[in-house]
């Protein structure tokens, strides 16, 4: 009897040159093209050169995906020694495709089949030998493995062949033919040597889906809402944003400049905004740390700025190619004095696209820096999405002075909402002084306590005023549940799937989520927390930074899950905490 699947997770593992990342893109693209929901996550070493290990994990399903899930169904081990540790993630009755071309070349300690337990199926395929037969080199062994897994799960061969042709078409007919032959050899070998015991249920007539990463989505969103100047310094995992803007902004009469460091990048961004251009930079934690003083200048001088932080493991250089959510505190508090700024954290690529547009609108209308906290997992993963491109434009435009106000222009005029009329250089009618010193309403330096108190209150008052332009917090799950979860950023996906696991076991829960970290619609959060008997706050850092914020803001005492992560959060771990919280509730009744 065949095992029927409506969801699978496949992991490719190898070293540099094995085509691991391209394997994930080919499989992910092939699945998206036939209408499946897809998520692809690549993990690679921090070394620029050398034979570092890399993996590409592809999860595809007939239903919408929110995370990478737990475990894998199939491991494709293209490098035996490096693949051994990945066996631990294979689900019972899962499988391993491994290279049997030269079995005598490895010691038993490095032999992949020696580590395959009885409950896992091993599939010996001569990947190198078949690749050599197809192309004369080993470079096509990843394509051979595609043919093998295609047969293994009775997937339509055309979905792979069409994707192979699409990817390699620019390299010429000969390269396309070699790769199609490699695929066919892998398919035929599996067909001749292994019974067909599995079937993935492919639905007919589904429309192809678009694949996009968080970095690509936020770059597109920024340009769609008027980004015309980008300044940056290369840093993993944010460099992709600069690569996109460097290619696309010139087509929009915009500019991308690579500067000498992150301090220069944020300085250039402030200069562009001062001149009236929508501008942005993208960095990671170490770069954000360097930008802190210029962020202070943006706050004091009330100059807009948009800073994308694609978080990675820290501190210091840390783990450049691993994920963590460790930059929340520096985003919120990284500056001298009372230095308020907007902090946002998208949870998926759709929110990267729409959220970055809100970031620009808030920055411009309220003349303040906005820090947009993505992370490596969200920024680099590829997922099927439907971008909502009919977003309202010009919902938040800058407040301009009236003709009467221009007669005695006050750049930092005290207003009820904290926002002063603003003109940019070149606009007729007025000029003003700008400084990082405390100042009067005209912008002239002023060190009196009365002026400082007045301006400090003005700068903070904007954050109350802007709440009318903020999206409301969303509550999902069982509204009558006694167990509540508050999450942020890319952990939201794992939380949603963890809630589903707990629900299947009879335990209800609900989640409050918002792209806004600061400010928030506090009334919605208070109402949510008041309705819960147990509150769980999971996040990918050691300190529990979001939990600390919620405790100080709302006075809650949550169950904290601190995960100084290198891999995305596990839905099963979330489900386990929900079950434990429910057990405590049952015991207390």
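In the numbering used here, the protein residues as written are 56 to 644.
Every residue, glycine too, gets a C-beta built ideally from N, C-alpha and C.
Pick helix, strand or coil for residue 328, following the three-state DSSP scheme.
Reading the chain shown from its first residue, position 273 is the one you call residue 328. Residue state, collapsed to three classes: helix.
Starting from the N-terminal side, write out each stretch of the beta strand (DSSP E) that is 3 residues or longer and does not extend beyond the stretch 431–464.
Runs found: 437–440.
What ranges does the alpha helix (DSSP H) occupy inside the stretch 81–114, keeping only unbroken runs of at least 4 residues that lie completely in it?
Correct list: empty.
So the candidates are 65, 493 and 102; which of them puts its Cα closest to the Cα of residue 124?
Within the chain shown, the letter at position 69 stands for residue 124. It is 65.
Step through the CB atoms of chain D and report whether any lies within less than 8 Å of the CB of residue 551.
The question asks about chain D, but that chain is absent: this structure has only one protein chain.
Please specify which runs of the alpha helix (DSSP H), each continuous and at least 4 residues long, are wholly inside the stretch 176–223, giving them in chain order.
If we require 4 residues or more, the alpha helix (DSSP H) runs fully inside the stretch 176–223 come out as 182–190, 196–207 and 212–223.
By the DSSP assignment, the beta strand (DSSP E) with residue 66 in it spans what residues?
Numbered from its first residue, the chain shown carries residue 66 at position 11. Taken as a continuous stretch (DSSP letters only), the beta strand (DSSP E) holding residue 66 covers 62–70.
Would you call the stretch 164–177 in contact with the stretch 193–204, where contact means no fewer than 3 C-beta pairs closer than 8 Å?
With the cut-off at 8 Å, the stretch 164–177 and the stretch 193–204 do not touch.
Indicate whether the contact test is met: 3 or more Cβ pairs, each with one atom in the stretch 406–416 and one in the stretch 262–279, closer than 8 Å.
The answer is yes - the stretch 262–279 touches the stretch 406–416, with three or more Cβ pairs under 8 Å.
Provide the residue span of the alpha helix (DSSP H) that contains residue 230, from first to last.
Along the chain shown, one-based indexing puts residue 230 at 175. From DSSP, the alpha helix (DSSP H) with residue 230 extends over 228–248.
Using CA atoms only, rank isn't needed, just tell me which of 420, 545 and 442 is closest to residue 428.
Counting from 1 along the chain shown, the entry for residue 428 is found at position 373. When only C-alpha atoms are compared, the closest one is 545.
Are the CB atoms of residue 78 and residue 201 within a distance shorter than 8 Å?
Residue 201 sits at position 146 when you count from the first residue of the chain shown. Residue 78 sits at position 23 when you count from the first residue of the chain shown. Yes. Within cutoff.
Can you name the start and end residues of the alpha helix (DSSP H) that residue 411 belongs to?
On the chain shown, residue 411 is found 356 positions in, with the first residue counted as 1. That run of the alpha helix (DSSP H) goes 404–421.
What runs of the alpha helix (DSSP H), each 4 residues or longer, lie entirely inside the stretch 276–333?
The stretch 276–333 contains these whole alpha helix (DSSP H) runs: 294–303 and 317–329.
Rounding to the nearest angstrom, what Cα-Cα distance links residue 422 and residue 502 in this structure?
Taking the chain shown and counting its residues from 1, the one referred to as residue 422 is at position 367. Taking the chain shown and counting its residues from 1, the one referred to as residue 502 is at position 447. About 22 Å.
What three-state label does DSSP hand residue 386 in the structure shown?
As a working note, residue 386 is residue 331 in the chain shown. Helix, per DSSP.
Between residue 276 and residue 437, how many whole angstroms is the CB-CB distance? I'm expecting something under 8 Å.
The residue you call residue 276 lines up with position 221 of the chain shown. The residue you call residue 437 lines up with position 382 of the chain shown. With a Cβ gap of about 16 Å, residue 276 and residue 437 do not count as contacting.
With DSSP run on the structure shown, which of helix, strand or coil describes residue 501?
Position 446 of the chain shown, counted from the first residue, corresponds to residue 501. In this structure, residue 501 counts as coil in the three-state DSSP scheme.
For the alpha helix (DSSP H) containing residue 558, list its first residue and its last residue.
Looking up residue 558 in the chain shown gives position 503. 546–559 is the span of the alpha helix (DSSP H), which, as asked, contains residue 558.
For residue 215, count the other beta carbons within 10 Å of its own beta carbon; 16 or more makes it buried, fewer makes it exposed. Which is it?
Locating residue 215 in the chain shown gives position 160, counting from the first residue. With 16 or more Cβ atoms within 10 Å of its Cβ, residue 215 is classed as buried.
Nearest to residue 401 by alpha carbon, out of 484, 431 and 521?
For the purposes of this step, residue 401 is taken as the residue at position 346 of the chain shown. Out of 484, 431 and 521, 431 has the C-alpha closest to the C-alpha of residue 401.
If you measure between the beta carbons of residue 117 and residue 256, is that distance less than 8 Å?
Along the chain shown, read from residue 1 onward, the residue named residue 117 stands at position 62. Along the chain shown, read from residue 1 onward, the residue named residue 256 stands at position 201. Result yes, Cβ atoms of residue 117 and residue 256 sit closer than 8 Å.
Give a yes or no on whether the C-beta atoms belonging to residue 360 and residue 321 are separated by under 8 Å.
Position 305 of the chain shown, counted from the first residue, corresponds to residue 360. Position 266 of the chain shown, counted from the first residue, corresponds to residue 321. Cβ distance < 8 Å, so residue 360 and residue 321 count as in contact.
Hey, residue 574 and residue 634 are a contact pair by Cβ (cut 8 Å); roughly how many whole angstroms apart?
Along the chain shown, one-based indexing puts residue 574 at 519. Along the chain shown, one-based indexing puts residue 634 at 579. Actually they are not in contact, since the Cβ atoms of residue 574 and residue 634 sit about 34 Å apart, beyond 8 Å.
How should residue 57 be labelled, buried or exposed, when 16 other C-beta atoms within 10 angstroms of its C-beta is the threshold for buried?
Along the chain shown, read from residue 1 onward, the residue named residue 57 stands at position 2. Counting Cβ neighbours within 10 Å, residue 57 comes out exposed, since fewer than 16 surround it.
With H, G and I counted as helix, E and B as strand and the rest as coil, what does DSSP make of residue 257?
Stepping through the chain shown from its first residue, residue 257 is reached at position 202. Residue state, collapsed to three classes: coil.
DSSP three-state label for residue 533, please.
Along the chain shown, read from residue 1 onward, the residue named residue 533 stands at position 478. In this structure, residue 533 counts as coil in the three-state DSSP scheme.
Identify whether residue 427 lies in helix, strand or coil by the three-state DSSP scheme.
On the chain shown, residue 427 is found 372 positions in, with the first residue counted as 1. Note: residue 427 maps to strand in three-state DSSP.
Bridge partners for residue 568 per DSSP, in chain order?
Walking along the chain shown from the start, residue 568 turns up at place 513. Beta-bridge pairing links residue 568 to 529.
Am I right that residue 568 and residue 536 are in contact with their C-beta atoms under 8 Å? What's the rounded C-beta distance?
Translated into the one-based positions of the chain shown, residue 568 becomes position 513. Translated into the one-based positions of the chain shown, residue 536 becomes position 481. Their Cβ separation, rounded to whole angstroms, is 15 Å, which puts residue 568 and residue 536 out of contact at 8 Å.
Who does residue 374 pair with in a DSSP beta bridge?
Here residue 374 is taken as the residue at index 319 of the chain shown, counted from 1. DSSP lists 368 as partners of residue 374.
Just to confirm, is the Cβ distance from residue 347 to residue 392 under 8 Å?
The count along the chain shown starts at 1 and reaches residue 347 at position 292. The count along the chain shown starts at 1 and reaches residue 392 at position 337. Cβ atoms of residue 347 and residue 392: not closer than 8 Å.
For the stretch 244–262 against the stretch 288–302, do three or more pairs of beta-carbon atoms, one drawn from each stretch, fall closer than 8 Å, so that the two count as touching?
Segments in contact, no.
Going by the beta-carbon positions, is the gap between residue 146 and residue 126 smaller than 8 Å?
For this step, residue 146 is matched to residue 91 along the chain shown. For this step, residue 126 is matched to residue 71 along the chain shown. Their beta carbons are under 8 Å apart, which means residue 146 touches residue 126 by this criterion.
Alpha carbon to alpha carbon, how far is residue 186 from residue 352? Give it in angstroms, no decimals.
On the chain shown, position 297 is the one that residue 352 refers to. On the chain shown, position 131 is the one that residue 186 refers to. Straight-line Cα distance between these residues: approximately 58 Å.
At which residues does the beta strand (DSSP E) containing residue 266 begin and terminate?
On the chain shown, residue 266 is found 211 positions in, with the first residue counted as 1. Note, residue 266: beta strand (DSSP E), 265–268.
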